[in-house]
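Participant: Residue numbers (our numbering): 68 to 659.
All residues carry an ideal CB built from backbone N, CA and C; glycine is no exception.
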Ligand code: G6P
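(1) Compare the beta carbon distance of residue 104 and residue 164 with 7 Å and say whether it is the shorter of the two.
(2) Return yes when at least one heavy atom of the ligand G6P lies under 6 Å from the C-beta of residue 460, else no.
(3) Compare the C-alpha of residue 296 against each of 209, 499 and 550 and name the closest.
(4) Counting only runs of 3+ residues fully inside the segment 307 to 389, write out the beta strand (DSSP E) ranges in chain order.
(5) Go through its chain and collect everything with a Cβ distance to residue 654's Cβ below 6 Å, but skip five positions before and after it.
(6) Residue 432 to residue 166, Cα distance in whole Å?
(7) Is it buried or exposed, residue 226, if we count other Cβ atoms within 10 angstroms and call 16 or more buried?
(8) Please work out which residues of its chain come closer than 6 Å, Cβ to Cβ, to residue 134, disregarding the five sequence neighbours upstream and downstream, and give them in chain order.
(9) Between the segment 291 to 308 and the segment 266 to 280, can you find at least three pairs of beta-carbon atoms closer than 8 Å?
(10) Go ahead and pull the three-state DSSP assignment for residue 519.
(11) Considering only residues of the same chain and omitting the five flanking positions on each side of residue 149, which have a CB-CB separation below 7 Å?
(12) Would you kindly report the start and end of the unbroken beta strand (DSSP E) that includes residue 395?
(13) What three-state label does DSSP hand residue 655 in the structure shown?
(14) Please go through the same chain and pick out, in chain order, the residues whose beta-carbon is closer than 6 Å to the beta-carbon of residue 122, but skip the five residues on each side of it.
(15) Where does the unbroken alpha helix (DSSP H) through residue 579 begin, and where does it stop?
(16) Have a look at residue 650 and residue 538 and give me their C-alpha separation to the nearest angstrom.
(17) May I ask you to check if the CB of residue 362 is nearer than 6 Å to at least one heavy atom of the ligand G6P?
(18) Kindly identify the DSSP beta-bridge partner or partners of residue 566.
(19) Please determine if the segment 556 to 569 and the segment 397 to 415 are in contact, where contact requires at least 3 C-beta pairs separated by less than 8 Å.
(20) So, is residue 571 buried or exposed, given that buried needs 16 or more other C-beta atoms within 10 angstroms?
(21) Could you spell out where the alpha helix (DSSP H) holding residue 604 opens and where it closes?
(22) Please report the distance separating the alpha-carbon of residue 315 from that of residue 179.
(23) At a cut of 8 Å, does the segment 355 to 367 reach the segment 405 to 416 through at least three beta carbon pairs?
(24) Helix, strand or coil, according to DSSP, for residue 291 in the structure here?
(25) Which residues in the same chain as residue 364 place their Cβ atom closer than 7 Å to its Cβ, once the five residues preceding and following it in sequence are excluded?
(26) For residue 548, list the residues DSSP reports as bridge partners.
(27) Rounded to a whole number of angstroms, what is the C-alpha to C-alpha distance between residue 532 and residue 366?
(28) State whether the segment 610 to 620 contacts the segment 587 to 600, with contact taken as three or more CB pairs (one from each stretch) at a distance under 8 Å.
(29) For the segment 624 to 635 against the segment 384 to 394, are there 3 or more C-beta pairs whose distance is under 8 Å?
(30) Helix or strand or just coil, what does DSSP make of residue 269?
(31) Could you give the first and the last residue of the continuous beta strand (DSSP E) run that contains residue 96?
(32) Count the other CB atoms, across all protein chains shown, that sit within 10 Å of the CB of residue 525; report buried if there are 16 or more and exposed otherwise.
(33) Measure how close the beta-carbons of residue 94 and residue 119 come, nearest whole angstrom, since I'm counting them as under 8 Å.
(34) Is the closest heavy atom of the ligand G6P to the C-beta of residue 451 under 6 Å?
(35) How is the alpha helix (DSSP H) around residue 542 delimited, first residue to last?
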C-alpha cells in the first residue's frame, strides 16, 4: 500500500519539487517513511523514517538536483519502518534505483542467492532484491528494460516497480503485477504513479499498463512494451477530477472536507441513473446476487443486500472479500456478483473478482476511474464522489450507497424510492450543519474505552459503519451490533461507563429498537440516540439526542444517519489529539 511516483520532465529543470509535491498527495497510502532519488550525472538519494513533512524538514527534498527521478512513501510490510528500509533502494554498486509497492513472497530465496554471489544488502526489505537483480542482469549485458523484465520473471508476489539506472540515464521504466500503476502525461512531462491523485496537478491523461507490460518514460514520451518487448498502441483516459478536488481547500483535514462534500457525492452519483438502468438491461435476468467487498464498502454491501432482497425479492448474499472462497464455489451463470470498492484496487476484492469472472456475471461499483476493477469486471458503475484522500472513507461510502439504492430501486422498478433519493443531498446538508453541536458533545466521549453502536434492519449496517469510524481514527474499541443480538452477549458488558449509540429512525423497526434502547438504559449505559427530531420517547430515554429531519424514513436513513456518526468520530479524534486523516497502522488502499 505504499505510494510510488516517477517523473521525467520535458525541459531540463529540477524534478525534485514536483516529485515532492506528487508524493505528498499519496501520503494516505502510507506514512512510515519517505524518500526520493534523482539523477544528476549520479544517483542522489534522500530518505528517512517519518511522515513526509517532518522528513522534508530534515532532508530538504526540494533542493535535490536532477531532471528525472522517483519517490516513495511507505506503509511497512516486510521490514520495520527505519531509515535503511525507506525507499528508494539502490543495488550494492549504487547504479540502479528502484521504488516498489507490494510484497514479494520469494524474496528470502532470491536474497540468499544474491548474497551467495557476493551481493551486500543494507535493508531488511523484500524490495532491495529488485535493485540488485536488475543490476545483475544489466551487468550480464541486458539493457534496463530487459533487465527489469528478466527480474520480474524471478519474482513471486505482487509488485509495482519504478526504476532507473545511471548506466542508461535517459529513461524511467515501470511495471506491475497485482499492484496498481498508472502512467500519465501533461504539459511539463511524463509521470508514473500508484494512484491518479499523485499527478492530477500536472497530468490528467492517464494510461494503465496491463500486468507484465513495461512502460518506458523518456523526455520525449511514453512507450509501452508487451512481454516480448514489442511496442503496443495505448489509449489514454482523461481524468475529469480537478487538482482542487484533491486539496484541503481551507479545511483543517481532508476528513471534514469530505464529510461536507457528501451531498455533492450523492447528487453527482444520482446523475448515473440512466447508465445504471442500461447496465441492468444488459445484465438481464439473474436468479441470485452476491455482494463482495471489504471495510466500509462491505457495510455499503450489507445495505445493498437488504435493499435488493426487500425491494426486488432476489436472494442476495453478502460476503467479505477475503472470506469469499467458500461462497465462490456456489457462484454460477445465474448469479450476478457485485463488487463494491472505493479504490477498485483492493487485493482481496480483485482476487474474488477473478474467481467470479470464471462462472458469473460481474458488476463493479467503483469510485476511481480506470482502476483495476473497472477493467476486470464485465459491467461497471462509477460512483461520483471525486477523489477521497482521508483514510477513513466517508463521501465514497454515501456515493456507494447511492449507487446501490439506484440499482435496487431501478431493478425493482420502485420509482417512489428512486425519486426520494433526490431529497437526500438536502438532508445530508442539514445533518452536517449540526457539526458545532456534535463537536461540543464529542468531549463527553473522549474518556471511553469501549462503545457500542446498535441498529436494526437498515440501521444495522449504519451501526457497523459508525463503530468502524470510531475505532479506526479515535482508537476507542467500538462494536456495531444488530440491536436484537444485544441480549445474546454484549449486554453483559454494558454499565455506566459505556456509551451506547442507538440508530433509531422512524419506521417499522422503531418499536423493537426502542425496547433495546430501554434495556441498555436500564443497565445504566450512557445513551446517545440518533432519531427523528421531536421524538419524546427518545428524548426521555437518552442522555444525548442527535435530532434528524423527521421526513427521513427508515429505508433512506443509512444515507443520512451516518453523517452525525462520522462527525462524532472526527471530533473525538481531535479532542484526543490524533490526526483523523492518518490513523496509525492503516492505509487507504490495501493492495496486498
Ligand atoms: C481500507 C480503507 C477502508 C476501505 C477498505 C476497502 O481498509 O482504509 O476505508 O473501506 O480498504 O477499500 P475499497 O477501496 O475496496 O473500498
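Facilitator: Result, derived from the coordinates:
(1) By 1-based counting over the chain shown, the position of residue 104 is 37. By 1-based counting over the chain shown, the position of residue 164 is 97. A distance below 7 Å separates the beta carbons of residue 104 and residue 164.
(2) Residue numbering aside, residue 460 sits at position 393 when the chain shown is read from its first letter. Residue 460: yes, Cβ under 6 Å from the ligand G6P.
(3) In the chain shown, the residue the question calls residue 296 occupies position 229. Ranking 209, 499 and 550 by Cα distance to residue 296 puts 209 first.
(4) Unbroken beta strand (DSSP E) runs of no fewer than 3 residues, entirely contained in the segment 307 to 389, are found at 355 to 360 and 382 to 387, following chain order.
(5) For this step, residue 654 is matched to residue 587 along the chain shown. If we look at residue 654 and ignore the five residues flanking it on each side, its Cβ neighbours are 68, 96, 97 and 142.
(6) Stepping through the chain shown from its first residue, residue 432 is reached at position 365. Stepping through the chain shown from its first residue, residue 166 is reached at position 99. Spanning the two alpha carbons is a distance of roughly 30 Å.
(7) The residue given as residue 226 occupies position 159 in the chain shown. That one is buried.
(8) Taking the first residue of the chain shown as 1, we reach residue 134 at position 67. 76, 79 and 82.
(9) Taking a cut-off of 8 Å for Cβ pairs, the segment 266 to 280 and the segment 291 to 308 touch, as three or more such pairs fall below it.
(10) The residue you call residue 519 lines up with position 452 of the chain shown. If DSSP states are grouped into helix, strand and coil, residue 519 belongs with the strands.
(11) By one-based count along the chain shown, residue 149 stands at place 82. Within the same chain, residue 149 has close Cβ partners 116.
(12) Along the chain shown, read from residue 1 onward, the residue named residue 395 stands at position 328. In this chain, residue 395 is not harboured by any beta strand (DSSP E); it is covered by the alpha helix (DSSP H) spanning 392 to 395.
(13) Along the chain shown, one-based indexing puts residue 655 at 588. Coil, per DSSP.
(14) Translated into the one-based positions of the chain shown, residue 122 becomes position 55. Excluding sequence neighbours, residue 122 sits near 101 and 115.
(15) Residue 579 sits at position 512 when you count from the first residue of the chain shown. Its alpha helix (DSSP H) spans residues 577 to 589.
(16) Your numbering for residue 650 matches position 583 in the chain shown. Your numbering for residue 538 matches position 471 in the chain shown. Their Cα atoms are separated by approximately 10 Å.
(17) As a first step, residue 362 is located in the chain shown; it is residue number 295 there, counting from the start. Under cutoff, so the answer is yes.
(18) Here residue 566 is taken as the residue at index 499 of the chain shown, counted from 1. DSSP, once it has assigned bridges, lists 593 as partnering residue 566.
(19) The segment 556 to 569, when compared against the segment 397 to 415, does not touch it at the 8 Å Cβ threshold.
(20) The count along the chain shown starts at 1 and reaches residue 571 at position 504. Within a 10 Å sphere around the beta-carbon of residue 571 sit 16 or more other beta-carbons, which makes this residue buried.
(21) For the purposes of this step, residue 604 is identified with residue 537 of the chain shown, where counting begins at 1. Residue 604 -> alpha helix (DSSP H) spans 603 to 608.
(22) As a position in the chain shown, residue 315 is number 248, starting the count at 1. As a position in the chain shown, residue 179 is number 112, starting the count at 1. For residue 315 and residue 179, the distance between alpha carbons rounds to 46 Å.
(23) Per the Cβ contact rule, the segment 355 to 367 is in contact with the segment 405 to 416 (3 or more Cβ pairs under 8 Å).
(24) Residue 291 sits at position 224 when you count from the first residue of the chain shown. In the structure shown, residue 291 falls within a strand segment according to DSSP collapsed to helix, strand and coil.
(25) For the purposes of this step, residue 364 is identified with residue 297 of the chain shown, where counting begins at 1. Sequence-distant Cβ neighbours of residue 364 in its own chain, meaning closer than 7 Å and more than five residues away, are 407, 408, 409 and 467.
(26) By 1-based counting over the chain shown, the position of residue 548 is 481. DSSP, once it has assigned bridges, lists 521 as partnering residue 548.
(27) Position 465 of the chain shown, counted from the first residue, corresponds to residue 532. Position 299 of the chain shown, counted from the first residue, corresponds to residue 366. Taking the straight line joining both Cα atoms gives about 6 Å.
(28) Flag = yes, the segment 610 to 620 and the segment 587 to 600 touch.
(29) No: fewer than three Cβ pairs fall under 8 Å.
(30) The sequence position of residue 269 within the chain shown is 202, counting from 1. Residue 269: coil per DSSP, three-state reduction.
(31) Along the chain shown, read from residue 1 onward, the residue named residue 96 stands at position 29. Unbroken run through residue 96: none, as it is neither H nor E.
(32) To locate residue 525, count along the chain shown from 1; it is residue 458. Around the beta-carbon of residue 525, 16 or more other beta-carbon atoms lie within 10 Å, marking it buried.
(33) For the purposes of this step, residue 94 is identified with residue 27 of the chain shown, where counting begins at 1. For the purposes of this step, residue 119 is identified with residue 52 of the chain shown, where counting begins at 1. The C-beta distance from residue 94 to residue 119 rounds to 5 Å, short enough to fall under 8 Å.
(34) Position 384 of the chain shown holds residue 451. Closer than 6 Å to some heavy atom of the ligand G6P: that does not describe the Cβ of residue 451.
(35) Walking along the chain shown from the start, residue 542 turns up at place 475. If you look at residue 542, you'll find it isn't in any alpha helix (DSSP H); DSSP assigns it neither H nor E.
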